[in-house]
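S.K.:
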Amino acid sequence: ELFKCCSYKFRGILCIIGGILIHLTYGYSYTVGESDVNFNPYFTGNMAPYIVDYMDFHNLSVNRTSVVWLASVDFSAQSVAMPISAFIATKTGFRSVVFCSCVLHSGSIALTYFAVNWGFWAVVLIYGLLGGIGFGAGYSVIIAAASEWFPSRRGLVMGLILSGFGAGALVFTPIQTGYINPANLKINTTTRGFTDAEILHRVPQAFLLLAGITAALQITGLLFMQKKPQFFFELFYRLVDITPMNILKAMDFYLLWFSVCCGAIPITLVTSLFKVFGNRYIHDDLFLAGVSMSASVCNCLGRIFWGRVCDRISFKVPMSCVCILWAVLLFSFPFISVFTGSGAKATFVLWVSLMFLCQSGIFVLAPTATATTFGAANFAVNYGIIYTAFLVGSLAASMMTILAPAGTSVDNHFFVAGATSVVAMLFTLLRPFNHGLRFQHPDTRVCFCLQSGEPNMQVFLGFPEIQETVGSDACNLRKPKQPNITDL
Numbered sequence: 008e009l010f011k012c013c014s015y016k017f018r019g020i021l022c023i024i025g026g027i028l029i030h031l032t033y034g035y036s037y038t039v040g041e042s043d044v045n046f047n048p049y050f051t052g053n054m055a056p057y058i059v060d061y062m063d064f065h066n067l068s069v070n071r072t073s074v075v076w077l078a079s080v081d082f083s084a085q086s087v088a089m090p091i092s093a094f095i096a097t098k099t100g101f102r103s104v105v106f107c108s109c110v111l112h113s114g115s116i117a118l119t120y121f122a123v124n125w126g127f128w129a130v131v132l133i134y135g136l137l138g139g140i141g142f143g144a145g146y147s148v149i150i151a152a153a154s155e156w157f158p159s160r161r162g163l164v165m166g167l168i169l170s171g172f173g174a175g176a177l178v179f180t181p182i183q184t185g186y187i188n189p190a191n192l193k194i195n196t197t198t199r200g201f202t203d204a205e206i207l208h209r210v211p212q213a214f215l216l217l218a219g220i221t222a223a224l225q226i227t228g229l230l231f232m233q234k235k236p237q238f239f240f241e242l243f244y245r246l247v248d249i250t251p252m253n254i255l256k257a258m259d260f261y262l263l264w265f266s267v268c269c270g271a272i273p274i275t276l277v278t279s280l281f282k283v284f285g286n287r288y289i290h291d292d293l294f295l296a297g298v299s300m301s302a303s304v305c306n307c308l309g310r311i312f313w314g315r316v317c318d319r320i321s322f323k324v325p326m327s328c329v330c331i332l333w334a335v336l337l338f339s340f341p342f343i344s345v346f347t348g349s350g351a352k353a354t355f356v357l358w359v360s361l362m363f364l365c366q367s368g369i370f371v372l373a374p375t376a377t378a379t380t381f382g383a384a385n386f387a388v389n390y391g392i393i394y395t396a397f398l399v400g401s402l403a404a405s406m407m408t409i410l411a412p413a414g415t416s417v418d419n420h421f422f423v424a425g426a427t428s429v430v431a432m433l434f435t436l437l438r439p440f441n442h443g444l445r446f447q448h449p450d451t452r453v454c455f456c457l458q459s460g461e462p463n464m465q466v467f468l469g470f471p472e473i474q475e476t477v478g479s480d481a482c483n484l485r486k487p488k489q490p491n492i493t494d495l
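Counting in the numbering used here, the sequence shown runs from 8 upward without gaps.
1) Apart from the five residues just before and just after T354, which ones in its own chain have a Cβ nearer than 7 Å to its Cβ?
2) Quick check: S113 and A213, are their CB atoms within less than 7 Å of each other?
3) Looking at the unbroken alpha helix (DSSP H) that takes in W264, where does it start and where does it end?
4) Can you grab the Cα-Cα spacing for the pair F322 / I220, in whole Å?
5) So for N53, helix, strand or coil by DSSP?
6) By a C-beta neighbour count over all protein chains shown, 10 Å radius and 16 as the cutoff for buried, is E155 buried or exposed?
7) Would you kindly report the start and end of the unbroken alpha helix (DSSP H) that includes A373?
8) Output the distance between the C-alpha atoms of G391 and P181, rounded to the nearest integer angstrom.
9) Mind checking whether F386 and N306 have CB atoms under 7 Å apart?
10) Residues in its own chain within less than 7 Å of R209 by CB, not counting five upstream and five downstream?
11) Taking G162 as the reference, give the member of K16, I23, F397, W358 with the closest Cα.
12) Can you tell which of V356, C365, S266 has the C-alpha that lies nearest to the C-alpha of A431?
13) Among the candidates T198, K193, G143, Q183, whose CA atom is the shortest distance from the CA of F172?
14) Quick one: Cα of A413 to Cα of M406, how far?
15) Looking at L169: is its Cβ nearer than 7 Å to the Cβ of V371?
16) Alpha carbon to alpha carbon, how far is G350 from T202? Give it in angstroms, no decimals.
17) Leaving out five residues before and five after A334 in sequence, what residues of the same chain have Cβ atoms less than 6 Å from its Cβ?
18) Is DSSP giving N195 helix, strand or coil here?
19) Going by alpha carbons, who is nearest to I272 out of F94, N195, C330?
20) Do the stretch 121 to 130 and the stretch 100 to 112 meet, that is, are 3 or more Cβ pairs less than 8 Å apart?
21) First and last residue of the alpha helix (DSSP H) that includes S416?
22) Which of the three DSSP states is assigned to G100 in this structure?
23) With a threshold of 8 Å, are at least 3 pairs of Cβ atoms found where one atom belongs to the stretch 85 to 98 and the other to the stretch 129 to 140?
24) What are the residues that DSSP puts in a beta bridge with G200?
25) Give every residue of the same chain whose Cβ lies closer than 6 Å to the Cβ of F397, excluding the five residues on either side of it in the sequence, and list them in chain order.
26) Pull up the distance between the alpha-carbon of D567 and that of L293, whole angstroms please.
27) Where does Q233 fall in DSSP's three states?
28) For my contact list, W358 and L336 are in at a C-beta cut-off of 8 Å; report their separation, rounded to the angstrom.
29) Just the C-alpha distance for F17 and T227, rounded to the nearest angstrom, thanks.
30) DSSP on P7, reduced to helix/strand/coil?
31) Secondary structure at R438, three-state DSSP: helix, strand or coil?
32) If distances are taken between C-alpha atoms only, which option among T198, I206, A257, T377 comes closest to N191?
33) Closest by CA to T250, which one among G382, T184, T375, A218?
34) Below 6 Å CB to CB, which residues in the same chain sit around F284 once its five sequence neighbours on both sides are set aside?
35) Spatial neighbours of Q225 within its chain, please: CB distance less than 8 Å, with the 5 preceding and 5 following residues excluded, ordered by chain position.
36) Is the CB-CB distance between D259 and T435 below 7 Å?
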């Protein structure tokens, strides 16, 4: 490995940076297929209107509402690919899986250069399906590989990596817009789309540029990532980890799964409808675009915040706090329209930012709870199974909006989202405290340092032939006091 001669901590930090870089490219999916109500290219689904307008210009007509298939297929593919690829990684190692993931992900973007000239369903299959498989294949595997380096800071590590994913739209949207529409030309007010030939001519070429950028970031990230060295004590440490088949027999799995599923419903509804609601009483499109950016920043930085919180407090407390705050915000959101002028704008940006801050917590607390409850050895596969809750919740939210009676107010959707947030809290409260506490294996005399994720501990207490101190410091356990070798 490239950095084998470097210190343990430095190699762990490099692995985290590599995971952030690759997840940053996965965050490109935020620009794939969701757009605002007016079908304008802002921070979500930025490429969708360009793709549709390019096809219309070349007589490859496509219904504008059909673009939702891009995001739906992408999300479904990643949900299916995640547990399968994680299982393969347990047999082949994470590097080969992440490499294939990067090839599929960047390759799908590059191949869209051709797909936009073949038809919309070719774009769905290549840009949506293939890209979703590539994204999902490496998602949990990367988190698992990086978080192994610092187990006591697992939540922070997951938050850092997932913040890279949340920042994807912030990074790639300006690149896409700057290349395709550098002069910031306005859409045609009649067709509500782009008709300028010069702009549309750059659309296929943009995919090649974006594929090159994502590939470069992924190669760099893959070079930085490396497997954590396996120390002797970890053979015993991992005996407490639960296999994917066994978690299906555990009540805690279903409580966590339903909690995440209920949390996914507000995520989908808020992301889709907050701007629709804002358009009712704030007639400032530039301001609403700025709110979208603010929401993306909160979604990114919030993941780091919640990861750090989860390291210090059990999953149950922060998750309950997220659900309570979220429910209050969702139930009160429809009533902030009573404000006018600057007060309306101030309350709107505050509510939306706080809702996205809560939303970011779900994406960090769910994997942290999975690792803490079921162990780290099979985390990638186990979280891949838990992640299916996001798919089910998202589909349920979509069906609510589709099957709602004609004339249903947007306000009602926020009330439903608030109710499901309360249900998510109830499922969380049913889970007991103190999950994931590691213990001294009864058949060994191995002392585990639960306070440090680094091998600065005297571990081989019962094996005189290999007694040694790994690292520069001995284990500094306070409760209980570490026994001396001579006392054993």
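Even for Gly, the Cβ is constructed at its ideal location relative to N, Cα and C.
M.R.: Straight from the coordinates:
1) Here residue 354 is taken as the residue at index 347 of the sequence shown, counted from 1. Once the five neighbours on either side are set aside, the close Cβ partners of T354 are I343, F346.
2) Sequence index remark: in the sequence shown, residue 113 carries index 106 (1-based). Sequence index remark: in the sequence shown, residue 213 carries index 206 (1-based). No, the Cβ-Cβ distance between S113 and A213 is not below 7 Å.
3) The count along the sequence shown starts at 1 and reaches residue 264 at position 257. Where W264 is concerned, the enclosing alpha helix (DSSP H) stretches over 258 to 285.
4) On the sequence shown, position 315 is the one that residue 322 refers to. On the sequence shown, position 213 is the one that residue 220 refers to. For F322 and I220, the distance between alpha carbons rounds to 36 Å.
5) Residue numbering aside, residue 53 sits at position 46 when the sequence shown is read from its first letter. It is coil, neither helix nor strand.
6) What you label residue 155 is simply residue 148 of the sequence shown in a count that begins at 1. So E155 counts as buried.
7) Numbered from 1 along the sequence shown, position 366 holds the residue referred to as residue 373. That run of the alpha helix (DSSP H) goes 348 to 381.
8) To locate residue 391, count along the sequence shown from 1; it is residue 384. To locate residue 181, count along the sequence shown from 1; it is residue 174. The alpha-carbon atoms of G391 and P181 are separated by roughly 31 Å.
9) Indexing the sequence shown from 1 puts residue 386 at position 379. Indexing the sequence shown from 1 puts residue 306 at position 299. Going by C-beta atoms, F386 is not nearer than 7 Å to N306.
10) Position 202 of the sequence shown holds residue 209. Contacts found: Y186, I187.
11) The residue labelled residue 162 in the question sits at position 155 within the sequence shown. Looking at the Cα atoms, I23 is the closest of the given residues.
12) The residue given as residue 431 occupies position 424 in the sequence shown. Taking only the C-alpha atoms, the option nearest A431 is S266.
13) Here residue 172 corresponds to residue number 165 of the sequence shown, with the count starting at 1. Here the closest residue by C-alpha is G143.
14) Taking the first residue of the sequence shown as 1, we reach residue 413 at position 406. Taking the first residue of the sequence shown as 1, we reach residue 406 at position 399. The straight-line gap from Cα to Cα measures roughly 14 Å.
15) Along the sequence shown, one-based indexing puts residue 169 at 162. Along the sequence shown, one-based indexing puts residue 371 at 364. Against a cut-off of 7 Å, the Cβ pair of V371 and L169 comes out as a contact.
16) Working through the sequence shown from its first residue, we reach residue 202 at position 195. Working through the sequence shown from its first residue, we reach residue 350 at position 343. Those two C-alpha atoms are separated by around 37 Å.
17) Here residue 334 refers to the residue found at position 327 when the sequence shown is read from its first residue. Counting only Cβ-Cβ distances below 6 Å, and skipping sequence neighbours, we find G425, S428, V429.
18) The residue you call residue 195 lines up with position 188 of the sequence shown. Residue state, collapsed to three classes: strand.
19) By 1-based counting over the sequence shown, the position of residue 272 is 265. The candidate whose alpha carbon is nearest that of I272 is C330.
20) no
21) Indexing the sequence shown from 1 puts residue 416 at position 409. Segment: none, S416 is in no alpha helix (DSSP H) and carries neither H nor E.
22) Taking the sequence shown and counting its residues from 1, one reaches residue 100 at position 93. Coil.
23) yes
24) Along the sequence shown, one-based indexing puts residue 200 at 193. In the DSSP output, where bridge partners are listed per residue, G200 has N195.
25) Here residue 397 refers to the residue found at position 390 when the sequence shown is read from its first residue. The answer, listed in chain order, is A271.
26) Look at the range of the chain in this structure, 8 to 495, and you will see that residue 567 is not part of it.
27) The residue given as residue 233 occupies position 226 in the sequence shown. Looking at Q233 - three-state DSSP - the assignment turns out to be coil, as it is neither helix nor strand.
28) Numbered from its first residue, the sequence shown carries residue 358 at position 351. Numbered from its first residue, the sequence shown carries residue 336 at position 329. Confirmed, about 6 Å.
29) Taking the sequence shown and counting its residues from 1, the one referred to as residue 17 is at position 10. Taking the sequence shown and counting its residues from 1, the one referred to as residue 227 is at position 220. Their backbone Cα atoms lie some 16 Å apart in a straight line.
30) There is simply no residue 7 to check, as the chain begins at 8 and stops at 495 in what is shown.
31) Looking up residue 438 in the sequence shown gives position 431. If DSSP states are grouped into helix, strand and coil, R438 belongs with coil.
32) Taking the sequence shown and counting its residues from 1, one reaches residue 191 at position 184. Closest option to N191, Cα to Cα, is I206.
33) Indexing the sequence shown from 1 puts residue 250 at position 243. If we check each option's Cα against that of T250, G382 comes out closest.
34) Working through the sequence shown from its first residue, we reach residue 284 at position 277. Once the five neighbours on either side are set aside, the close Cβ partners of F284 are V417.
35) Counting from 1 along the sequence shown, the entry for residue 225 is found at position 218. Result list for Q225: L28, I29, T32, C109, H112, S113, in chain order.
36) Translated into the one-based positions of the sequence shown, residue 259 becomes position 252. Translated into the one-based positions of the sequence shown, residue 435 becomes position 428. No; because the gap between Cβ atoms is not below 7 Å, this pair is not in contact.
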